[in-house]
Each structure stands twice: as C-alpha cells, then as structure tokens.
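Residue numbers (mature numbering (1 follows the signal peptide of the UniProt record, and there is no 0)): -18 to -1, 1 to 158.
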C-alpha cells in the first residue's frame, strides 16, 4: 500500500511539473516585439526632433530598459528547438529592418543634433543602446539551436553592424 501511495505522489508531482514547461519561443517573440516597438517609438521621436530632447531621451531610456529586462528574462530560457530557432529568425529579420530604419533616421538628424548642441547626449544614448543590444544579441545567439547557430550568428553580425554604423556616425570626430 505504501508503494502505491508513493507512485501516486510521484505521478502527481510529475504531472504538475509537466505544466511548468518553459515558454521559450513565446518569451523570445515577446521580447523582440517589445524591443521592436521601442525602436519604432524612438524612431518617431527622432523624426520629430527639432531641439526638445525630452521625447527622444524618454524613448531611448525605455528602449535600453526593455532591452536589459528582456535580456534578463531570456538568459534563463532553455536552448530553442531547431523549428523555434527558424521561427524566431523570421522575426529577427523583420526587427533588423526596423533597426536599419532607426539608424538611417538617426544619421539623417545629425545636422539638427549638431545645431542644437546635443551630440554628447545622442552619443551617450547610442552607446547605451549598443551596449544593451550587444548583450541581448549574445543571449539570443546562445539560445539558438546548435544546428542553426551559424544563421543566428549571421543575423547577430548584421544587426551589430547596423548599430555600429550609427555609433560611428556620432563619434566626437563626426559630431563634436
């Protein structure tokens, strides 16, 4: 009888634990969706920028905070399955286009940034975004399925190159 009770407890425990499965793919998708929305919001603030830095600063701070929060959330996730890695890759490709638009618009605003004396502020924000994004990129690549890791690494290189392009545009030599 004791043996049956122990088996029953073990089965109930296993059943309860089975429902605590990680939501890895959906967590990755949610983080990317949030960060992409933040990128778009920052892009809108940059396009509207004529001298008031408050909206741009607010959007940049939100982006950095959400990237850091997302990185913390994803670092505890298991490695994605091959199918989930490929599914996430499609969303990363879309995200990359939004990042490219943001950097293009940041670069286009450099004359306004220079004339309003905000090069240092933009440089600080670009550096903070690059640092946070670099950590998130590393986390996502580390969670890619080993069979698709080279694809994830390629996407990571592309995104990092986009961010580095924006960073280079606001060095002290280019934006005093």
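Positions of the beta carbon are idealized from the N, C-alpha and C atoms, including for glycine.
| Check | Outcome |
| --- | --- |
| Segment contact flag, the stretch 56 to 67 with the stretch 34 to 47, C-beta cutoff 8 angstroms, min 3 pairs | no |
| Bounding residues of the alpha helix (DSSP H) (the contiguous stretch that carries residue 101) | 101 to 125 |
| Close-in-space but distant-in-sequence residues of the same chain around residue 21 (CB under 7 angstroms, 5 per side omitted) | 45, 80, 81 and 84 |
| Close beta carbons around residue 147, own chain, < 7 angstroms, minus the five adjacent residues each side | 85 |
| Span of the alpha helix (DSSP H), counted from its first residue to its last, around residue 139 | 131 to 151 |
| Residue 30 in three-state terms, based on DSSP | helix |
| Short Cβ contact (7 angstroms threshold) for residue 10 with residue 70 | yes |
| Residue 59 - DSSP class collapsed to helix/strand/coil | coil |
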